[in-house]
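So for the sequence shown, the working numbering puts the first residue at 546; every next one is plus one. Data block below; observations after.
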Amino acid sequence: MEATRYDDDLRLAHVVADQVDALTMDRFGAADLHVESKPDLTPVTDADRAAEAKVREQLSRARPRDAVHGEEMADTGGGPRRWVVDPIDGTKNFVRGVPVWATLIALMDGPEVKLGLVSAPALHRRWWAAVGSGAWTGRSLSQARALHVSGVNSLSDASLSYSSMHGWEEAGRLDAFMDLTRQVWRTRAYGDFWSHVLVAEGAVDIACEPELALHDMAALVPIVTEAGGQFTGLVGEPGCSGTGGVATNGLLHAEVLAALAPGKPRAR
Numbered sequence: 546m547e548a549t550r551y552d553d554d555l556r557l558a559h560v561v562a563d564q565v566d567a568l569t570m571d572r573f574g575a576a577d578l579h580v581e582s583k584p585d586l587t588p589v590t591d592a593d594r595a596a597e598a599k600v601r602e603q604l605s606r607a608r609p610r611d612a613v614h615g616e617e618m619a620d621t622g623g624g625p626r627r628w629v630v631d632p633i634d635g636t637k638n639f640v641r642g643v644p645v646w647a648t649l650i651a652l653m654d655g656p657e658v659k660l661g662l663v664s665a666p667a668l669h670r671r672w673w674a675a676v677g678s679g680a681w682t683g684r685s686l687s688q689a690r691a692l693h694v695s696g697v698n699s700l701s702d703a704s705l706s707y708s709s710m711h712g713w714e715e716a717g718r719l720d721a722f723m724d725l726t727r728q729v730w731r732t733r734a735y736g737d738f739w740s741h742v743l744v745a746e747g748a749v750d751i752a753c754e755p756e757l758a759l760h761d762m763a764a765l766v767p768i769v770t771e772a773g774g775q776f777t778g779l780v781g782e783p784g785c786s787g788t789g790g791v792a793t794n795g796l797l798h799a800e801v802l803a804a805l806a807p808g809k810p811r812a813r
């Protein structure tokens, strides 16, 4: 891995993820797991809150001047450097015993995401990237392999992953999304973070979601882009500045954005 100015921050993210993984795995499948519904009717568990508290505790010690934005707790701190945390991306899977969930940790310096780490301990997988150092997967920094997006350059040969149909319907883009699914070779609903890291691995060529929050996207952006791909909002907003997310191998990006454009004529 090429050295960058964010190497120490990336090492810290791995240390924090190790501690959070131990906590979340202890609660995964626990008989006494406590589940509540948030005002937006999405679930939150005691594990979500404990995991975010653990991240914040470690960051307050190691990076006390940095701000922190998380899914479950109020923003803290100020200044240009901001850590963005999703303690458990895929809480519904976590609650039901499905192993596809992960902790997402990102560092933004100003408006740009400088590093991202995705740790999925139930899958025994981790993915990470820092700007200028490539994207990687493995069990640790010392045991890693580089990630590269695919070379697929035709929608008819492409594999597309998504999370659900319901979100596209709510966004008023279900027809456009369904038309896109008819143009590609294969569709699968791997969902959540997994769709996007599979793009970085080259196993999937397109991942798209109609509505994502900053904590859902930030860690994914450098992993996809450092692997050679492209990550934008639904209308091409750079990085995680939009309300939705489209990750591709780059070769297909313009076609995918055009296909998902609202009000476009339906494909025949």
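Using N, Cα and C, we set each Cβ at its ideal position, and we do this for glycine too. Nothing here was measured: the structure is a model prediction, and the numbers come from that model.
- When DSSP states are grouped into helix, strand and coil, Thr549 belongs to the coil group.
- Gly655 counts as exposed, since fewer than 16 other beta carbons sit within 10 angstroms of its beta carbon.
- Within the stretch 579–648, the beta strand (DSSP E) runs of at least 3 residues that lie entirely inside it are, in chain order, 580–582, 588–590, 612–615 and 626–634.
- Where Leu765 is concerned, the enclosing alpha helix (DSSP H) starts and stops at Leu765 to Glu771.
- Here Ala612 has Asp620, Thr621, Gly622, Gly623, Gly624, Arg626, Arg627 and Trp628 as same chain residues with Cβ atoms under 8 Å from its own Cβ, once five neighbours each way along the sequence are excluded.
- Within the same chain, Asp631 and His760 come within 6 Å of Glu616 by CB-CB distance, once the 5 residues on both sides are set aside.
- The beta carbons of Gly789 and Leu797 sit no closer together than 9 Å.
- Separation of Ala651 and Ala674 (C-alpha to C-alpha, rounded to the nearest whole angstrom) is 10 Å.
- Pairwise C-beta distances place the stretch 632–645 out of contact with the stretch 712–728, as fewer than three of them are shorter than 8 Å.
- If you look at Gly661, you'll find it in the beta strand (DSSP E) that goes Glu657 to Ala665.
- Cβ-Cβ distances below 7 Å link Arg718 to Pro755, Leu805 and Pro807 in the same chain, with the five nearest sequence neighbours on each side left out; the list follows chain order.
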